[in-house]
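To start, the structure itself, in structure tokens.
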Amino acid sequence: MSGITYQIAGRIATITLNRPEKRNALSGAVVRELREAFAQAEADEKVKVVVLAANGKAFCAGADLDYLRQLQQYDFEENYADSRELMQLFREIYALKKVVIAQIEGDALAGGCGLATVADLSYTVPEARFGYTEVKIGFVPALVSVFLVRKVGEGRARELMLTGSLVPAATAERYGLITAVVPADQIRAHVAAIAEGLCTDASSNSLTVTKQLIAAVFDSSLEEGLEAAARTNAETRRHPDCQRGISAFLDKQKPIW
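Whatever position you read off the sequence shown (first residue = 1), add 31 for this note's numbering.
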């Protein structure tokens with residue numbers, strides 16, 4: 032892997048974008064490497080939480096413009112296949128069975144902002160800026176729009192995608208685009224503490240099922256959602272994690288997850 036690094040410490044896998052000279056822009060090769068890394072983390076039973084970070088001053092500047100120029104020479108089918116690779120990456124992060132935390136220590140733009148959007152939790156330094164700038168180069172934020180509308184609502188999504196404006200970290204937090212703003216000298220320790228807390232304080236099965244419930248809400252009517260939730264409740268009560276957790280609580284012990 033040349034565009035990223037992959038490391039495991041305890042039960043936390045850290046995937047780091049590693050193209051600082053390109054502001055960690057996304058090329059076809061980097062997208063494929065990210066997909067492979069997230070698949071590896073999901074398949075590893077020892078891994079419970081995945082942190083997505085980046086080296087350099089930018090978190091991710093979006094699509095590599097040199098790569099986009101190259102794609103302009105491709106026909107529709109070739110461009111469609113390439114677009115589906117990025118689509119799969121966003122979908123796989125969003126639906127990953129493990130919790131994904133974005134650790135954002137620089138600007139997250141266009142597809143880079145999309146990575147922040149599909150993460151379950153995202154923490155940023157105050158200096159970072161966020162934006163879907165595609166319209167300013169004649170492109171469109173097509174894939175990320177699906178997730179952005181879910182996350183911040185139609186009104187905010189229209190504002191961000193149509194204007195292409197960059198918003199500061201505090202505004203991104205107010206919009207609900209990211210989870211919280213953390214001082215630069217504290218963000219790595221903060222993310223590590225959140226990740227460790229998820230590893231020690233929550234059941235793996237509960238985290239996975241909760242993510243699935245949240246995603247399903249947007250695809251269901253009220254009645255369908257409630258029926259699916261009732262079935263999930265019934266299934267989860269029979270899961271060994273739930274039985275162990277309740278027994279530990281009644282015995283005034285802390286369950287070991």
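Just so it is clear, CB atoms sit at the ideal spot from N, CA and C, and this is done for glycine as well.
Own chain residues within Cβ distance below 6 Å of residue i, not counting five before or after
i	result
L179	T148, A188
L191	Y163
Residue environment, residue i, which counts as buried when at least 16 other CB atoms sit within 10 Å
i	result
K88	exposed
F107	exposed
G186	exposed
Q274	exposed
N110	exposed
R100	exposed
P51	exposed
L65	buried
R262	exposed
E266	exposed
E214	For the sequence presented, residue 214 should be read as Pro rather than Glu. With fewer than 16 Cβ atoms within 10 Å of its Cβ, P214 is classed as exposed.
Supposed close pair residue i, residue j - CB separation, criterion 8 Å
i	j	result
V248	L208	Not confirmed; about 19 Å, so no contact.
V80	V130	5 Å
A94	A56	6 Å
Q134	V82	6 Å
Y154	A211	6 Å
Opening and closing residue of the beta strand (DSSP E) in which residue i lies
i	result
L127	Premise fails: L127 is in no beta strand (DSSP E) and is neither H nor E.
S153	152–155
A44	43–48
I39	35–40
L197	Note, L197: premise wrong, no beta strand (DSSP E); not H, not E.
A94	Where A94 is concerned, there is no enclosing beta strand (DSSP E), given that its DSSP letter is neither H nor E.
L83	80–85
Element boundaries [alpha helix (DSSP H), containing residue i]
i	result
S235	235–248
R292	Lying outside 32 to 288, the shown extent of the chain, residue 292 is not represented and no answer is given.
V222	218–232
V180	173–183
Nonlocal neighbours in the same chain, by C-beta distance under 8 Å from residue i, ignoring five residues either side
i	result
A60	S33, G34
S251	A259
7 Å CB neighbourhood of residue i in its chain, flanking five on each side removed
i	result
A279	K285, P286
E73	L127, K128, K129
Is the stretch 106–115 in contact with the stretch 164–172, if contact means three or more CB pairs nearer than 8 Å? no
The stretch 38–46 / the stretch 216–230 touching (three or more Cβ pairs under 8 Å): yes
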